[in-house]
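Residue numbers (the working numbering): 251 to 443. Notes follow the structure.
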């Protein structure tokens, strides 16, 4: 059975639409859909809107020097150790939630094994066949006092203390990297830094 040709309809706002007669083929009549019935998906349609908005916002800030400079200055202030309650990311839950939900979530899979596993599963549901994981440890180096602040950073005096600090940092990195290997699933890869 031949279907009638499409005829354009015009509205007062000059928006063109197409009107087709209903097809009565057995697949349509039974309610089954065929591959030709489904319209092609748009490339970013699988991503949640929140992810797209966060990515667009961070890309806009990163690509404009007049936005990037103040953003880096603000992050530098927030990264300094021994801040008061208001500007301490670890002690201020509102500030922690804002930074974790924006910058951290954009670039990191999680802070612990449960968060990383959840992120990997979400990526697989979106259609990704694998992920590339790497272990990173955040520290802050204060150039005024020549000291390093962060989790697992030992402080020492003299050359012997520096050697111990260096070895402790390597041991912490190796342990974190091995724990990251445990999170890998089929199709995932480990990137070493």
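Where is the CB? At the ideal position from N, CA and C, for every residue including glycine. As the structure is a prediction and not an experimental result, all values here were calculated from the model.
Inter-residue Cα distance where the pair is residue 296 and residue 347: 25 Å
At least one CB of chain D closer than 8 Å to the CB of residue 381: is that the case? Although the question refers to chain D, the structure presented lacks it and comprises just one protein chain.
Would you call residue 421 buried or exposed, if buried means 16 or more other Cβ atoms sit within 10 Å of its Cβ? exposed
Just to confirm, are residue 431 and residue 442 a CB contact at a threshold of 8 Å? no
Taking residue 381 as the reference, give the member of 351, 331 and 434 with the closest Cα. 434
Return helix, strand or coil for residue 335, following the three-state DSSP convention. coil
Three-state secondary structure (DSSP) of residue 369: helix
Nearest residue (CA-CA) to residue 395, options 386, 331 and 426: 331
Contact defined as beta carbons within less than 8 Å: I believe residue 385 pairs with residue 360. What is the distance between those atoms, to the nearest angstrom? The pair is not a contact, with the Cβ atoms about 12 Å apart (cut-off 8 Å).
Does residue 395 come out as helix, strand or coil in the three-state DSSP assignment? coil
At which residues does the alpha helix (DSSP H) containing residue 299 begin and terminate? 299 to 313
Using 10 angstroms around the beta-carbon of residue 322, count the other beta-carbons present and answer buried if the total reaches 16, otherwise exposed. exposed
Pair every Cβ in the region 301 to 308 with every Cβ in the region 352 to 359, then say whether three or more of these pairs are closer than 8 Å. yes
Since I believe residue 316 is in contact with residue 327 (beta carbons under 8 Å), could you give me their beta-carbon distance rounded to a whole number of angstroms? So it is not a contact: roughly 18 Å between Cβ atoms.
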